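According to the UniProt record's numbering, the sequence shown is numbered sequentially starting from 1.
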Amino acid sequence: MRFVAMSAARGYGLVVLALAIVASASLASSREQLSARQCEDLGFSGLALCSDCNAFAEYVKDQELVSDCLKCCTEDSDDETSKITYSGALLEVCMRKLVFYPEIVGFIEEEKDKFPSVKVQYVFNSPPKLIMLDEDGQFKDTIRIDNWKREHVLQFLREKVKPASPK
């Protein structure tokens, strides 16, 4: 009887140890950071804040995409610089591929005029992306928007692009 109890306790201990190893491995992989090139290939940049990934998760409901975002984001900080905004943006897309992106077409045709500091640029073979610009109109960041819904583009631009100043 004593042997059976000891075997059961040892078996229980092994199960607990195995679960601890699996949990720590999954935690380590969720904290894994990808290179800037890998992130860009996935459509993310290192300028994305991790809190933006959490907000992103509410809209896309794709755990793998959110996981990739978390591997490419920078931790939020409490100072003012944590909420990055841009003075403008270029929506770059290939005109021939637009037929495959009805949400992007809808944004361009019906919503784009709400954002005077956002320009559309047609570039051969370019996937849909937002090129974010600084105060001097210089490139700051690129964000792929292939699978974004129109309302996601709208919310992102409302939050990240400063309203155009009257001239």
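Using N, Cα and C, we set each Cβ at its ideal position, and we do this for glycine too.
Note that the structure is a prediction, hence the values are computed from the model and not measured.
Rounded to the nearest whole angstrom, the CA to CA distance from Asp134 to Ser117 is 11 Å. Contact between the segment 102–109 and the segment 69–76 is absent, with fewer than three C-beta pairs closer than 8 Å. Taken through DSSP and simplified to helix, strand or coil, Asp146 comes out as coil. The Cβ-Cβ distance between Glu159 and Pro128 does not fall below 9 Å. Residue range Pro102 to Gly106 is occupied by the alpha helix (DSSP H) that includes Ile104.
In this chain, the alpha helix (DSSP H) harbouring Gln63 covers Gln63 to Cys72. Looking at the DSSP output, Val93 bridges to Tyr122.
Secondary structure at Leu157: helix, using DSSP grouped into helix, strand and coil.
Between Val120 and Leu90, the alpha-carbon positions lie close to 6 Å from each other. Scanning its chain for C-beta atoms nearer than 6 Å, with the 5 sequence neighbours on each side dropped, one finds around Phe115 the residues Leu157, in chain order. In the three-state scheme derived from DSSP, where H, G and I count as helix and E and B as strand, Phe44 is classed as coil. When the Cα atoms are used, Leu49 and Asp136 turn out to be separated by approximately 23 Å. Looking at the backbone, the Cα of Asp146 and that of Ser126 are separated by about 10 Å.
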